[in-house]
Amino acid sequence: RPIADKSGRRDGSESATKGNSDRASETFCAPYTSPPWSRERVPMLLEWARRISIGVTTVAIRLLMNTYGKCEIKDDECYRNFLQTVVAGNGRRPNQGLITVSNHRSLFDDPGIVSCLLPLPIAIQPKYNRWALCSQEYCYNDALPGLIKGYIGAGQVLPICRGGGIDQKLLLDFARHLACGEWCHVFPEGGVWQWEELGGRRQLPPKAVMGSSSDISSGSDNVQFKEDDENTRQIIMPATLQQKSLSPSPRGKLKWGVGKLIAHAPVTPKVIPFAHRGMERIFPQDENTGKTKLRSDLLASFLPAALGGDADDKLHVSVRFGEEITFDDLILEHESKHGKLWKYCGRVNSEERYEKGQQNEILHDLWVSSVEERSLYNKIVRRIEAHLDAITREVCEKN
């Protein structure tokens, strides 16, 4: 199973050196980090672990979603294109991955929403399921038992270091699954926003900094200011009314990590956006702190109308897919000016050395992005933002 990056290094270089000694002390971990297994070569025990984790989770989520409310996916050409791309390939070349991007309305979106996207007989099969990222402070923290972290890892969920930047090694680990032709899902907002539009970055006023507190409410009050060594700085918490009132950021709303995954993929992946609304009924967000918490009357909302339940208070999730987004023109334009882009791969060049726990330093050095490459990521993400924002507004307006 994967482990969290505790090095604190933004490029992941230190964790790459110490990672194998850390793994040796973890439960349900091999003594070395292995490359992504091809679907034909997955060890039997790992395959069964994935089947159990994904199967049990998917069935449980479907029961919850259909008991507590309903999940409606607009059955149009865009959704059918998504299904064909996942199940039948729909023109995907060998090792061409699929990236889905969506807005992020609660910490339960994955598996809550993602588990409902495919027909049940297909959704319980690991080979058709997505690979996902989860902030390591939630899914891979030291307080969780090894069994739970093993269950999450078997569910094809990898850790990511929030605030670690686009050069962190954990993002490269995720990218290598994409290079093997897998389906990878990303929440490019980088947090939870329950607005009527796409959330993300805003233009900060002078002397202001963006807060980075947990999305989960811990009972703390709203914090707006802190003392600095020289002056008082204003802290603007994400997903609050205060942040919403600010002007759009010139860097765009979304994080650039998904742009890096696309730009350096050995075969440019298919990218399909979708937007959803409704999960905020389970985890409402405080508009003053930006924190989410489980609604206090959740159990009462399960009651049928005959026992005093309110039908209008049930969970009603709406999902809508958008058209496939392409980026060939942006990549060709960049390469015509700056030369060919470096491409990551599903497996490192020296497989035997890597499996014995030796660091492939060249691989991680190449993963560090240049200024010109970051400019390309921005252009790619801006195109995703335009499509995803339009779908998000449309879904929110119809509910």
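Under my numbering, the sequence shown has 20 at position 26, and the numbering climbs by one with no breaks.
Virtual Cβ for every residue (Gly too), placed ideally from N, Cα, C.
- Restricting attention to Ala(-2), Ser96, Phe76, the CA atom closest to the CA of valine 389 is found in Ser96.
- Between proline 278 and glycine 316, the CB-CB gap reaches or exceeds 7 Å.
- The closest CA to that of arginine 387, considering only Trp189, Ala259, Ala169, is found on Trp189.
- Annotation for arginine 377: the continuous alpha helix (DSSP H) segment containing it runs 365 to 391.
- In the three-state reduction of the DSSP assignment, alanine 202 falls in the strand class, which pools E and B.
- If you look at alanine 257, you'll find it in the alpha helix (DSSP H) that goes 251 to 257.
- Arginine 124 places its beta carbon less than 7 Å from that of histidine 179.
- The residue among Met38, Val53, Gln150, Val375 with its C-alpha nearest the C-alpha of glycine 184 is Val375.
- The DSSP-derived three-state label of glycine 49 is helix.
- Straight-line spacing of the CA atoms in glycine 175 and glycine 85 works out to 13 Å.
- Your pair isoleucine 256 and isoleucine 93 checks out as a contact, with CB atoms roughly 7 Å apart and the cut at 8 Å.
- By the neighbour-count definition (other C-beta atoms within 10 Å, threshold 16), tryptophan 250 is a buried residue.
- Beta-bridge partners assigned by DSSP to valine 151: Ala126.
- In terms of Cβ geometry, valine 265 and proline 182 do not form a close pair [threshold 7 Å].
- Within the same chain, Thr234, Leu235 come within 7 Å of glutamate 281 by CB-CB distance, once the 5 residues on both sides are set aside.
- DSSP places glutamate 327 in the uninterrupted alpha helix (DSSP H) bounded by 322 to 332.
- DSSP places isoleucine 116 inside the alpha helix (DSSP H), whose first and last residues are 114 to 117.
- Under the DSSP assignment, serine 295 falls in the alpha helix (DSSP H) whose first and last residues are 292 to 295.
- The beta carbon of serine 241 is closer than 6 Å to those of Gln197 in its chain, skipping five residues each way along the sequence.
- Valine 95 is bridged by DSSP to Val180, Pro267.
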